[in-house]
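Residue numbers (the numbering used here): 63 to 123. Built from N, CA and C at the ideal position, the CB exists for glycine as well. This report refers to the structure that appears directly beneath it.
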(Lines of atoms letter the chains of each structure in order from A and count residues from 1; the text may use other names and numbers.)
(Lines give C-alpha, C1' and ligand atoms only; values in the text may rest on other atoms or scores of the structure.)
Protein backbone atom coordinates (compact mmCIF):
# COMPACT_ATOMS: atom_id res chain seq x y z
CA UNK A 1 0.00 0.00 0.00
CA UNK A 2 2.72 2.47 0.94
CA UNK A 3 4.54 1.85 -2.35
CA UNK A 4 1.47 2.73 -4.41
CA UNK A 5 0.68 5.76 -2.24
CA UNK A 6 4.21 7.02 -2.88
CA UNK A 7 3.80 6.36 -6.62
CA UNK A 8 0.55 8.36 -6.58
CA UNK A 9 2.35 11.26 -4.89
CA UNK A 10 4.79 11.26 -7.80
CA UNK A 11 2.11 10.86 -10.49
CA UNK A 12 -1.39 11.62 -9.16
CA UNK A 13 -2.90 11.29 -12.63
CA UNK A 14 -1.92 7.63 -13.08
CA UNK A 15 -5.01 5.45 -13.25
CA UNK A 16 -2.81 2.35 -13.08
CA UNK A 17 -1.37 3.37 -9.71
CA UNK A 18 -4.86 3.85 -8.28
CA UNK A 19 -6.00 0.48 -9.60
CA UNK A 20 -2.92 -1.19 -8.14
CA UNK A 21 -3.63 0.52 -4.83
CA UNK A 22 -7.16 -0.88 -5.00
CA UNK A 23 -5.77 -4.40 -5.48
CA UNK A 24 -3.46 -3.90 -2.49
CA UNK A 25 -6.34 -2.74 -0.28
CA UNK A 26 -8.49 -5.64 -1.45
CA UNK A 27 -5.73 -8.04 -0.47
CA UNK A 28 -5.92 -6.55 3.02
CA UNK A 29 -9.73 -6.87 2.94
CA UNK A 30 -10.07 -3.08 3.17
CA UNK A 31 -12.84 -3.02 0.61
CA UNK A 32 -14.08 0.54 1.22
CA UNK A 33 -10.61 1.89 0.48
CA UNK A 34 -10.24 -0.46 -2.48
CA UNK A 35 -13.53 0.75 -3.94
CA UNK A 36 -12.55 4.40 -3.50
CA UNK A 37 -9.22 3.75 -5.21
CA UNK A 38 -10.68 1.95 -8.20
CA UNK A 39 -13.33 4.66 -8.56
CA UNK A 40 -10.49 7.18 -8.80
CA UNK A 41 -8.86 5.00 -11.49
CA UNK A 42 -12.16 4.98 -13.39
CA UNK A 43 -12.44 8.77 -13.14
CA UNK A 44 -8.95 9.12 -14.61
CA UNK A 45 -9.54 6.58 -17.39
CA UNK A 46 -13.26 5.92 -17.86
CA UNK A 47 -12.68 3.91 -21.03
CA UNK A 48 -10.90 1.05 -19.26
CA UNK A 49 -13.45 -1.75 -18.87
CA UNK A 50 -11.12 -3.70 -16.57
CA UNK A 51 -11.53 -1.04 -13.89
CA UNK A 52 -15.32 -1.34 -14.06
CA UNK A 53 -15.03 -5.12 -13.72
CA UNK A 54 -12.71 -4.69 -10.76
CA UNK A 55 -15.20 -2.30 -9.13
CA UNK A 56 -18.03 -4.80 -9.60
CA UNK A 57 -15.94 -7.54 -7.99
CA UNK A 58 -15.12 -5.32 -5.02
CA UNK A 59 -18.72 -4.24 -4.50
CA UNK A 60 -19.72 -7.92 -4.40
CA UNK A 61 -17.67 -8.39 -1.21
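- For a cut-off of 8 Å, the C-beta gap from residue 101 to residue 117 is around 7 Å, short enough to register as a contact.
- Where residue 114 is concerned, the enclosing alpha helix (DSSP H) starts and stops at 111-121.
- Boundaries for residue 75: no alpha helix (DSSP H) harbours it, and the DSSP string shows neither H nor E there.
- The continuous stretches of alpha helix (DSSP H) do not include residue 63, and DSSP gives it neither H nor E.
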